[in-house]
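Residue numbers (the numbering used here), protein chains in the order written: chain A, 1 to 139; chain B, 1001 to 1525; chain C, 2001 to 2125. Cβ atoms here follow ideal geometry from the backbone N, Cα and C, with glycine treated the same way.
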């Protein structure tokens, strides 16, 4: 699999797929998509990068350990559950923050942050499994 | 889109009344464990910090559970529905006295495990993530005890299952991988059967909310399919609880992992299965329970007997304790089989007793095994001279496990025997007593061989070895983890009123679901 | 429609149970994977089947305009797929490790945790 063509294409492919994964994550609130499927797309991107450049290359490119990504996602997801505590509402009640920025209507909500948390958990957890499987392949 | 702009009536779909902050106590155990687990996972390279983060989080969860227990005691069954959706559409968290009490004792056990692990888990195993896994395990267990939605219960089962896999292979020895293969395959099979039963139940009643199921299942015209579903639930949860014909994964795996892991498994995992059995067969499908009564009785008797006979036949102390766990499961099932008010109280109390006593036994014998370098009953010995205090402590725990007064195992057995006699099931009472007698033989032999028989000891191949004689000072982590448990065992033995009245409330809520349903829907059924 | 699906679910269960009764670990894992799918299909079927009307509320509306497919089983199946997927990944790693460490994939030869001829415990006091 380590051909020149593949090694040249892999970084672009990875970048495009990661971008697409974020697109899928963000459109997930009202249309098909969401954190889980977006996360899986991102993991496939890293897996492709791993096939081309090896597991060590992926770990270098990610900077942080995949499990730390998963943990920060969990942290974000739990944090997004909490705001309704201060408003006297049950857990996970969605809260919205709407404002205009440079003439664009922006609606931020706790479900979105929860979904980002899910995305990070999936990216972290499945990447670490995929990397450990790829590592075993090579030895 | 924000809700204010809608033209439909929000109150028809969502809760608009303000929620009291103390109702948040319902989700605090799960949220806190998740937070703690995430923080511990991020900082897992910092090996010295790990126990502090883990123990702090566990202590906070324990305090939250105490507060929740107090809340339930004062205000009755408490419900909170996720995302403000009206039940049965939102996922409900419902704490009844049984669930709250189980969650409290589970967090006590996990806290003691966290303390014990601080002294026994090696740095590289901390880096591998012992504390995050322990916290996630407790997250799954507390979620299972507090949820009021049957599919959500399945999700919490999976959370605790995947964390238990992580804990089981911690250390990565051959033995552990062997045990993990059997444990994980059979447990996954059990949870899949649970999912299967849930799917069929959903097809029948069209709801997943437990209170809603309890109402709808009772009024279903054709009860036949419900019986099949109840049977499937029984099989699935009996597998999780290690009841007789499906118990073989437990003795095959519980002695393989690190001793702290065995301890927390023995304390928590099988009890989750028992909890689910009580919840589903008594609260949700009482008709199914009546129909299967003979079967449950038979399973209870065989579980008690195989457990205690297995315990008598084991050389490895850890496997002996594993079989004692199974015996306890049999006793709890006996309470389920009788299903009278006081018998269920006995089963709930027995589960609480079994949580703390079994964990304590693994702590004590794990420490002894580490000192002596072996877990074989033929090679251990002379511990009385090395640590009289340890001898006293383990005698308390062993007597409690055998059901002798004045320790925690005594009262539940009294209730079970009484309940069985009241219902005219004298032979079931007889088997409970017979099991106790056999357990006394088993624990008596265990204690005599490990503590009293001292000096040189002949091992399997006939050679004699001299056992060390010097006094052993207990490390602080062992003190701090074993003594709360022993104190609790003695306290329940001497002052059973508090726990018993609480378990009784739990039993009443199970047998008459109206309080449970009222808490979820706001009106009596 | 439900009848056909029930038969299909039955076929899935039969295949998975046949595979899980095998002594070879790999086949057991295959059986577990098929079992997960069988249950997913069952959840899907028990939510009643309806053709081609996705449960999506159009923009500007707050209720679906016609009777749609039941969305709840889909959510449940999605959850169950996620779980069985991650478990299968774990099992692959575990099975591979077991084969490496124990040198066998035969369930009957996995006797490290429970050796065949263990010494008896002391039989008297």
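Chain B places a beta carbon closer than 8 angstroms to that of residue 88 (chain A), counting this residue as a contact. Under the Cβ distance rule, residue 132 (chain A) counts among the residues neighbouring chain C, one pair being separated by less than 8 angstroms. Between residue 45 (chain A) and chain B, the shortest Cβ-Cβ separation is not below 8 angstroms.
The C-beta of residue 10 (chain A) comes no closer than 8 angstroms to any C-beta of chain B.
Below 8 angstroms, too few C-beta pairs join the segment 2055-2073 of chain C and the segment 88-108 of chain A to call them touching: fewer than three. Close partners of residue 1174 (chain B) in chain C (Cβ separation under 8 angstroms): 2101, 2102 and 2112. Remark: C-beta atoms of residue 110 (chain A) and residue 80 (chain A) approach each other more closely than 8 angstroms.
Membership of residue 1249 (chain B) in the alpha helix (DSSP H) is indicated by the continuous run 1249-1253. Distance between residue 22 (chain A) and residue 1210 (chain B), taken at the CA atoms: about 37 angstroms. Residue-level contact by beta carbon holds for residue 2089 (chain C) and chain A, with a gap shorter than 8 angstroms. A straight line joining the alpha-carbon of residue 92 (chain A) with that of residue 2088 (chain C) spans about 30 angstroms. In the three-state DSSP reduction, residue 1209 (chain B) falls in the strand class (E or B). For residue 1245 (chain B), the closest C-alpha among the options B:1024, B:1481, B:1067 and B:1306 is that of B:1306. In this structure the segment 1330-1337 of chain B touches the segment 1410-1421 of chain B; the number of beta carbon pairs closer than 8 angstroms is three or more.
When the beta-carbon positions are compared, residue 1194 (chain B) and residue 1131 (chain B) stay at least 8 angstroms from each other. Looking at the DSSP output, residue 107 (chain A) bridges to A:98. Note that the C-beta distance between residue 1449 (chain B) and residue 1381 (chain B) is below 8 angstroms. Neighbours of residue 104 (chain A) across chain B, judged by C-beta separation under 8 angstroms, do not exist; the nearest C-beta is about 16 angstroms away. Counting along the chain, residue 1355 (chain B) sits inside no beta strand (DSSP E); it lies in the alpha helix (DSSP H) bounded by residues 1341-1372.
The alpha helix (DSSP H) runs of length 4 or more contained entirely in the segment 1024-1081 of chain B are, from start to end of the chain, 1028-1042 and 1050-1075.
A straight-line Cα-Cα distance of about 56 angstroms links residue 1081 (chain B) and residue 1471 (chain B).
The residue from A:112, A:129, A:123 and A:66 with its alpha-carbon nearest to that of residue 2093 (chain C) is A:129. Here residue 1397 (chain B) has 1357, 1360 and 1361 as same chain residues with Cβ atoms under 6 angstroms from its own Cβ, once five neighbours each way along the sequence are excluded. Of all residues in the segment 1140-1162 of chain B, only 1151, 1154, 1155, 1158, 1161 and 1162 come within less than 9 angstroms of chain C when Cβ atoms are compared, listed by chain position. Classified as exposed, residue 2014 (chain C) has fewer than 16 neighbouring CB atoms from the shown chains inside 10 Å of its CB. Any Cβ of chain C closer than 8 angstroms to the Cβ of residue 129 (chain A) would place that residue at the interface, and such an atom is present.
The CB of residue 1340 (chain B) never comes closer than 8 angstroms to any CB in chain C; the least such distance is about 34 angstroms. Under the Cβ criterion of 8 angstroms, residue 2098 (chain C) is counted among the residues facing chain B. Between residue 2018 (chain C) and residue 2074 (chain C), the alpha-carbon positions lie close to 28 angstroms from each other. DSSP, reduced to helix, strand and coil, places residue 1423 (chain B) outside both helices and strands of the structure shown, so it counts as coil.
Chain C has no Cβ within less than 8 angstroms of the Cβ of residue 1362 (chain B).
With a threshold of 8 angstroms between beta carbons, residue 67 (chain A) makes contact with chain B. Between the segment 1322-1329 of chain B and the segment 1248-1256 of chain B, the count of Cβ pairs shorter than 8 angstroms is three or higher; the stretches touch. Within the model, the alpha-carbon separation for residue 2047 (chain C) versus residue 1480 (chain B) is close to 51 angstroms. Between residue 2077 (chain C) and residue 2041 (chain C), the alpha-carbon positions lie close to 8 angstroms from each other. Chain-ordered, the chain C residues with CB closer than 9 angstroms to the CB of residue 36 (chain A) read 2078 and 2082.
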